[in-house]
Amino acid sequence: MVTSENVFKVCDEPHPMLVKQLLDECVKGQLSAAHKILRHLWTLGYSAEDILSILFRVLKNHPMEEYIKLEFLKEVGLVHLRVAEGLGTHLQLAGLVARLCKVVLPGSAV
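Here the sequence shown is numbered in my numbering, starting from 39 and rising by one per residue.
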């Protein structure tokens, strides 16, 4: 049976709805909830590159204020560069989620 869940299993990519939930939590500044979703994706066996590529695609279409989206894209791009250099660890992704949550906090300078 063809369902979105089965398609993403075959393609071996994280489901965009999970990544959207992660971004929703980051936009609300909810670090614990966002990290819980990230940890779930990591334990499902997705690589840092898989998670970042879906994160980038979902982020481009995610409804949020433009300046927040630009900061998020900048942070994702920097982490993607580090991962491409060989540092594809859970710690890199956890740091990214923390910085994304920090962007929306009042008075925070990234």
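C-beta: ideal position from N, C-alpha, C; glycine also. Predicted, not measured: the structure shown is a model, and the values here were computed from it.
query	result
Collapsed DSSP secondary structure at residue 130 in the structure displayed	helix
Cβ neighbours of residue 110 in the same chain (closer than 7 Å, five flanking residues each side left out)	97, 138, 141
Exposure label - residue 105; buried when at least 16 CB within 10 Å	exposed
Cβ-based burial, residue 144 [other Cβ within 10 Å; buried from 16]	exposed
Residue 135 and residue 69 closer than 8 Å at C-beta	yes
Given 8 Å, three or more beta-carbon pairs between the segment 125-133 and the segment 50-61	no
Opening and closing residue of the alpha helix (DSSP H) in which residue 54 lies	54-65
Three-way DSSP call (helix, strand, coil) for residue 85 in this model	coil
Beta-carbon proximity of residue 126 to residue 85, cut-off 8 Å	yes
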